Every structure is written in C-alpha cells, then in structure tokens.
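Below is one structure, written out as structure tokens, with a few remarks after it.
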Amino acid sequence: TDNLKFVPASVSVKVGDIVDFTNGGIIPHNVTFPYAGTGSPTMKRGNFFLVKFTSPGTYPYVCTLHFSGMLGTITVR
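Position 60, counted from 1, in the sequence shown is what the working numbering calls 575; the numbers after and before it change by one each time, with no gaps.
Written as structure tokens, this is what we have:
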C-alpha cells in the first residue's frame, strides 16, 4: 500500500500463486476480499498478509478502512 491506494491495484497471477500484501505506508490498512469471505486484520507499517489463489477467477479486494479509492483486482488464470 502507498498511502491511500494499492500499488499495483490490478495483478494477474497463476493458480497456486501467493500474493503478498505488505503495508509500506504509515497509515494502518487491511485487505478484504468481500466475495471470498477472507481478509487481513488491520496492518500497521511493515505488516503483511499472504493470500494463495487456488481457483481461476477475478477477485476484487478493498481496504475497508479507506474504501474510497483503495480497491483492486486479482485475476487468477
């Protein structure tokens, strides 16, 4: 995360890949996948959250603390 946006916001990965969400900013954030029923706790600077994608599809995600502008998509092929 870079202040109030995910960097990059859209990522394409393969089935079985692990995506690392690391908070590199000073503001606490979380990562929530609303349609997958999973997400991180609130992460302070330096905290991270790993997600392994086991099925193809498109997975939108948001920071529920800063929903306005903090959203993205993982495409799994």
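For glycine and all other residues, C-beta sits at the position ideal for the given N, C-alpha and C.
Predicted, not measured: the structure shown is a model, and the values here were computed from it.
Collapsed DSSP secondary structure at residue i in the structure displayed
| i | result |
| --- | --- |
| Ser-555 | coil |
| Val-526 | strand |
| His-544 | strand |
| Tyr-550 | coil |
| Gly-561 | coil |
| Leu-580 | coil |
| Asp-532 | coil |
| Gly-587 | strand |
Buried/exposed call for residue i, threshold 16 Cβ in 10 Å
| i | result |
| --- | --- |
| Phe-521 | buried |
| Phe-536 | buried |
| Ser-555 | buried |
| Val-530 | exposed |
| Ile-589 | buried |
Pair within 8 Å by beta-carbon distance, residue i and residue j
| i | j | result |
| --- | --- | --- |
| Tyr-576 | Gly-587 | yes |
| Thr-547 | Thr-579 | yes |
Cβ distance (whole Å) where residue i is taken to contact residue j below 8 Å
| i | j | result |
| --- | --- | --- |
| Pro-571 | Lys-559 | That belief does not hold up - the Cβ atoms of Pro-571 and Lys-559 are roughly 33 Å apart, past 8 Å. |
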